[in-house]
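K.L.:
Numbering (this note's numbering), first residue to last: 35 to 265.
A virtual CB, placed ideally from N, CA and C, is assigned to each residue, including glycine.
Here the structure is a predicted model, which means the values were calculated and not measured.
Mind having a look at this structure? Questions to follow.
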Amino acid sequence: MESSYDVYSRHKIIVVNSLKIMKWYGYNHLEEIIVRRRDDKLYKFREGDFKRLCRQDIEDMLLLLVQNKLSNLNIEERYTLNVALRMFTRRIVIQEHVEDLQLGVESYQKKINLQRPDSYHSDLRKMTAYTAYPDIHGIIYEDELNRKRLMRTDELHKFSDGTLNYVRTALSNIDQRIDMDYLPNRKWSKQDKQRDQVMIQAIDKKLKDRRLMRNLEKFVGENLTGETYGC
Numbered sequence: 035m036e037s038s039y040d041v042y043s044r045h046k047i048i049v050v051n052s053l054k055i056m057k058w059y060g061y062n063h064l065e066e067i068i069v070r071r072r073d074d075k076l077y078k079f080r081e082g083d084f085k086r087l088c089r090q091d092i093e094d095m096l097l098l099l100v101q102n103k104l105s106n107l108n109i110e111e112r113y114t115l116n117v118a119l120r121m122f123t124r125r126i127v128i129q130e131h132v133e134d135l136q137l138g139v140e141s142y143q144k145k146i147n148l149q150r151p152d153s154y155h156s157d158l159r160k161m162t163a164y165t166a167y168p169d170i171h172g173i174i175y176e177d178e179l180n181r182k183r184l185m186r187t188d189e190l191h192k193f194s195d196g197t198l199n200y201v202r203t204a205l206s207n208i209d210q211r212i213d214m215d216y217l218p219n220r221k222w223s224k225q226d227k228q229r230d231q232v233m234i235q236a237i238d239k240k241l242k243d244r245r246l247m248r249n250l251e252k253f254v255g256e257n258l259t260g261e262t263y264g265c
C-alpha cells in the first residue's frame, strides 16, 4: 500500500520513531513508518512508498538497523523493518545492476541494451580538449591514447568510474587554474568554466549514485553477479 501524498525528501533520516505492523496470512507488513529527519520533523510513509523515497533514505534506515540504533523498537518491529528493507534493496539491485560485457563497464541503470557512447566525431581533431562541444551538452576530452573523444552528459552511465574520475580531475584543474602538462596552454573563458562546472556536477552525481548502489548491495549480501568492481 502507498500513501496518497508525496514522501520524497532530501533530509537525512536520523531515527525511526515507530512502526505500525499489519499481520496478513501469517506475514507482517509495514502499514505505517514514522521517521524523524535532520530537519527535526516527523515524516510518515508506508512500505509501498519505498520506491518513491530517495535511495539515501533506504541506506539511512539500513544503517540504523545494523548499527543497533533502533533500540526504541521491539524485536518484532526491527525484524519486520529489516526484512522489508532488504527485500526491497535486493529487488532494485537485481533490477538495475547491469553488466555490459561489450563496453566492459559495470553500471547501475534501467536501460539494459547499452550501446557504445557516441564519443567519436570527425571534427574533434580540430577542437581544443576539455572545451564544450557545440550543439551537444558534452565535453571534449583526451583518452589514454591521447585521442580526442566526446563525453555527453546523457551518456555518463556508459563510462567507467576511472574515465569519469579522469575527466573530472582535468575539469577541476581547469576550474582551479592549476597548470598541468596534459592540459592545453590556453586562456579558459568564463563560458568554458561554466560548462565545465555543469559536467563536474553531472559526473559527481553519477559517481555518487553508483557508490550508493554499491553500499546498498552490501546490505543484501555477496555481489549478486559474483564479480568485483574495478575502475
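(1) Run through DSSP, which three-state label would K160 get?
(2) Run the CB neighbour count on K85, radius 10 Å, all protein chains shown included, and call it buried at 16 or more, exposed below.
(3) Please classify I170: does DSSP put it in a helix, a strand, or coil?
(4) Rounded to a whole number of angstroms, what is the C-alpha to C-alpha distance between Y113 and T203?
(5) Which value, in whole angstroms, describes the spacing of the CA atoms of R245 and M185?
(6) With a threshold of 8 Å, are at least 3 pairs of Cβ atoms found where one atom belongs to the stretch 65–72 and the other to the stretch 45–55?
(7) Would you mind reading off the limits of the beta strand (DSSP E) that contains K221?
(8) Pick out whichever of N180, P151, K160 has its Cα sitting closest to the Cα of G172.
(9) Please look up how many angstroms separate the CB atoms of V41 and D73, rounded, as I've assumed it's under 8 Å.
(10) Where do the ends of the beta strand (DSSP E) carrying Y77 lie?
(11) Would you call the CB atoms of I208 and Y167 closer than 8 Å?
(12) Considering Cα atoms alone, identify which of D169, V127, R183, L250 is closest to S153.
(13) Near A118, what residues of its chain come up, given a Cβ to Cβ distance below 6 Å and the 5 sequence neighbours on each side ignored?
(14) Counting C-beta neighbours from all protein chains within 10 Å, is the total for K192 16 or more, i.e. buried, or is it exposed?
(15) State the DSSP-derived secondary structure class of E65, mapped to helix, strand or coil.
(16) I'd like to know whether the C-beta atoms of I174 and E111 end up nearer to each other than 8 Å.
P.N.:
Concretely, from the data shown:
(1) Within the sequence shown, numbered from 1, the residue matching residue 160 stands at position 126. The answer is helix: DSSP assigns K160 an H, G or I state.
(2) Looking up residue 85 in the sequence shown gives position 51. Its Cβ having fewer than 16 others within 10 Å, K85 is exposed.
(3) Along the sequence shown, one-based indexing puts residue 170 at 136. Coil.
(4) Indexing the sequence shown from 1 puts residue 113 at position 79. Indexing the sequence shown from 1 puts residue 203 at position 169. Going by the C-alpha atoms only, they are around 44 Å apart.
(5) For the purposes of this step, residue 245 is taken as the residue at position 211 of the sequence shown. For the purposes of this step, residue 185 is taken as the residue at position 151 of the sequence shown. If I take the Cα positions, the gap works out to 21 Å.
(6) yes
(7) The residue labelled residue 221 in the question sits at position 187 within the sequence shown. K221 -> no beta strand (DSSP E), and no H or E assigned at all.
(8) Taking the first residue of the sequence shown as position 1, residue 172 is located at position 138. G172 has its Cα closest to that of P151, out of N180, P151, K160.
(9) Locating residue 41 in the sequence shown gives position 7, counting from the first residue. Locating residue 73 in the sequence shown gives position 39, counting from the first residue. With 8 Å as the limit, V41 and D73 do not qualify as a contact, their Cβ atoms being about 15 Å apart.
(10) Position 43 of the sequence shown, counted from the start, is the residue given in the question as residue 77. Start and end: 76–79.
(11) Taking the first residue of the sequence shown as position 1, residue 208 is located at position 174. Taking the first residue of the sequence shown as position 1, residue 167 is located at position 133. No, these two residues do not count as a Cβ contact at 8 Å.
(12) Position 119 of the sequence shown, counted from the start, is the residue given in the question as residue 153. Of the candidates D169, V127, R183, L250, the one whose C-alpha sits nearest the C-alpha of S153 is R183.
(13) Counting from 1 along the sequence shown, the entry for residue 118 is found at position 84. Correct list, in chain order: L64, E81.
(14) Numbered from its first residue, the sequence shown carries residue 192 at position 158. Under this definition K192 is a buried residue.
(15) Here residue 65 refers to the residue found at position 31 of the sequence shown. E65 falls in the strand class under three-state DSSP.
(16) As a working mapping, residue 174 is identified with position 140 in the sequence shown. As a working mapping, residue 111 is identified with position 77 in the sequence shown. Pairing I174 with E111 gives a Cβ-Cβ distance that is not under 8 Å.
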